[in-house]
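Student:
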Amino acid sequence: MPAHWPAHWPAHSPAHFAPVFERARQHLATLTPNAVLAAAQAPGRVNLIGEHTDYSGGFVMPMAIDRVCVAVAAASNDSRLRIAFADHPVIVDLDPKESQAPDLATDRGSPRGYVRGVVRGFQNLGTPIPPVTIAVASSVPLGGGLSSSASLEIALATLLASLTRAVVSQDDLAKIGRTAEHDFAGVPCGIMDQTISAKARAGHAMLLDCQNGLADHVPMPANVVVAVIDTGVRHSLAAGEYAVRRRWCEEAAERLGARSLREVTDDGGLDRVARSTLTGNHLAAARHVVSENLRTLAAAAALRRSDAAEVGRLMNASHHSLRDDFRVSCPELDAAVEIARRVPGVYGARMTGGGFGGCAVALCLPDAAQALSRALAHQYKAQTGREHRFFVSVASCRSGALL
878 MPAHWPAHWP AHSPAHFAPV FERARQHLAT LTPNAVLAAA QAPGRVNLIG EHTDYSGGFV
938 MPMAIDRVCV AVAAASNDSR LRIAFADHPV IVDLDPKESQ APDLATDRGS PRGYVRGVVR
998 GFQNLGTPIP PVTIAVASSV PLGGGLSSSA SLEIALATLL ASLTRAVVSQ DDLAKIGRTA
1058 EHDFAGVPCG IMDQTISAKA RAGHAMLLDC QNGLADHVPM PANVVVAVID TGVRHSLAAG
1118 EYAVRRRWCE EAAERLGARS LREVTDDGGL DRVARSTLTG NHLAAARHVV SENLRTLAAA
1178 AALRRSDAAE VGRLMNASHH SLRDDFRVSC PELDAAVEIA RRVPGVYGAR MTGGGFGGCA
1238 VALCLPDAAQ ALSRALAHQY KAQTGREHRF FVSVASCRSG ALL
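Below you can see the structure in the form of structure tokens.
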């Protein structure tokens, strides 16, 4: 392990992170001959359970994966701040002294928006940003529901904190990323993605209370792994469906006389109370959020007693609710989930992320993950006509400076 590898990174990190760091470093070398001043990484995530509850102040339980975004910086030869991407033909060229303002017409859903939003976050702290050239590389699949945007935001924020020597907590990093997502990318997300990227603990999932931001690290059983199935279907949360679901939840809470659906705690009682108050989309959205909060708390309790079978059962129920009530699944996600559930040793599977494509996640024994990979190779394309990607991850660590 390299001597400069941070102590909080697990022993497996170099094997997964070092190639991404090297790709970013090589891209930086094409931009400037100056030596690397600083580097930082931030992980993507899978959400084990607790989907579309965060913006209602509910409970979520993500874990960081060993797929990361890495940002490396070198001194600039002029007064500009430039951020280039090894994976995209995008260069963001800014005056670091010029205050950044949202421009959704140009920045919505673009890497430029995320970058400018993070820079604005540091400007709001009153932290001068030096003129540097930054290269970014990532192994987090784009648009796959694995939080590629949050990993970019947190990696860049961690790098800027290192460069400026600003005293910025993990909670501060998460808030900077979330504000960038809201104001500059136009995605009204909750705090989950940025929080797990900034605060994850290796070997643990995180039970996050999105109402007050309190995080409880829950140990993952030693004998299970998480398999991630990328369906190959790409979504754009900024296209509007994410915002539509959020509006349903906000309107349902208002009609129930609650500040948010977090205040509605009995899913059985919800139907009785809501029959005369909520109908259609509002009733279905409320039913999903309230029942999903209960499932998430139950799954955390099951993890603490290493009951993987119960966690899997709850994951299965979560997918049904997301598919039938919240209507954010798609045929490819449903196919991946059903293939996974038929494999012996797979405890449960569900879509993860915002939906309408992206990834499914399965909790399984290590040998079952190999069998699942084979089953997908034989069945997924035959059923959907699409290629897929598959990888296995353990619970990884939070963001951190590398140099």
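The working numbering runs 877 ahead of the 1-based position in the sequence shown.
Think of the CB as a built atom: it goes at the ideal place given N, C-alpha and C, for glycine as much as any other residue.
1) Can you list, in chain order, the residues of its chain with a C-beta nearer than 8 Å to that of A1130? Leave out the 5 residues immediately preceding and following it.
2) Could you pull out every residue in the same chain whose Cβ sits closer than 6 Å to the Cβ of H889, ignoring the five residues on either side in sequence?
3) Tell me whether V937 sits in a helix, a strand or coil according to DSSP, three-state version.
4) Within the 8 Å Cβ cut-off, does A951 reach chain C?
5) Taking Cβ to Cβ, would you say L914 is nearer than 8 Å to A952?
6) Could you check whether G1225 and L1240 sit closer than 8 Å to each other, using their CB atoms as the reference points?
7) What do you get for S1046, buried or exposed, if any count of 16 or more other CB atoms within 10 angstroms of its CB means buried?
8) Spell out the partners DSSP gives I942 in its beta bridges.
9) Is the separation between the beta-carbon of C946 and that of S1039 shorter than 8 Å?
10) Can you find the residues in the same chain that come closer than 6 Å, C-beta to C-beta, to N1170, ignoring five residues on each side of it along the sequence?
11) Please return the same chain residues whose Cβ sits closer than 6 Å to the Cβ of D943, not counting the five positions on each side in sequence.
12) Going straight from the alpha carbon of L1033 to that of G994, what length do you get?
13) Determine the direct distance from the alpha carbon of T1056 to that of R1275, and round the result to whole angstroms.
14) Among H1081, R1204, A901, P1018, which has the Cα closest to the Cα of N1158?
15) I need the straight-line Cα distance from A917 to V949, nearest angstrom please.
16) Near D1086, what residues of its chain come up, given a Cβ to Cβ distance below 7 Å and the 5 sequence neighbours on each side ignored?
17) Which value, in whole angstroms, describes the spacing of the CA atoms of R1123 and L1160?
18) Going by alpha carbons, who is nearest to L908 out of A1194, L1023, V996, I960?
19) Leaving out the 5 sequence neighbours to the left and right, which residues in its chain are closer than 8 Å to V1188 when beta-carbon positions are compared?
20) Determine the burial state of S976: buried for a count of at least 16 other Cβ atoms within 10 Å of its Cβ, exposed for fewer.
21) What's the gap between the Cα of G1090 and the Cα of P910?
22) Can you grab the Cα-Cα spacing for the pair P844 / V996, in whole Å?
23) Can you tell which of D1201, T1004, N1100, M1228 has its C-alpha closest to the C-alpha of E1209?
24) Are the CB atoms of E1127 and Q1071 within a distance shorter than 8 Å?
25) Report the partner residues of F1233 according to the DSSP bridge assignment.
26) Assuming V923 contacts V1103 (C-beta within less than 8 Å), just tell me the rounded distance between them.
27) Output the distance between the C-alpha atoms of R1263 and S956, rounded to the nearest integer angstrom.
28) Given A901, which residues of its chain have a CB within under 8 Å of its CB, disregarding the five upstream and five downstream residues?
29) Classify Q918 as helix, strand or coil using the three-state DSSP reduction.
30) Please confirm whether any heavy atom of the ligand SAM lies closer than 7 Å to the CB of V1238.
31) Please say whether G990 and F1061 have beta carbons closer to each other than 8 Å?
32) Comparing C-alpha positions only, which one of A1212, L1242, V1044, K1052 sits nearest to A1254?
Tutor: This is what the structure holds:
1) S933, R1136, S1137, L1138, E1140, V1141, A1163
2) Residue confidence is low: H889 scores 48 on pLDDT, short of 50, so the model does not pin down where it sits. Its coordinate-derived value is still stated next. None.
3) strand
4) Any reference to chain C falls outside this structure, which holds one protein chain only.
5) yes
6) yes
7) exposed
8) Note: I942 sits in no beta bridge, so no partner.
9) no
10) T930, G935, F936
11) H893, S1270, S1273
12) 10 Å
13) 19 Å
14) R1204
15) 7 Å
16) F936
17) 13 Å
18) I960
19) L925, I926, A1176, A1179, L1180, Y1224, G1225, L1240
20) exposed
21) 42 Å
22) The chain is shown only over 878 to 1280; residue 844 falls outside these bounds and no answer can be derived.
23) M1228
24) no
25) Beta-bridge pairing links F1233 to no other residue.
26) 6 Å
27) 47 Å
28) A916, V947, A948, V949, A963, A1012, V1013, A1014
29) strand
30) Absence of the ligand SAM from the depicted structure is noted, as is the absence of any ligand whatsoever, leaving it without description.
31) yes
32) A1212
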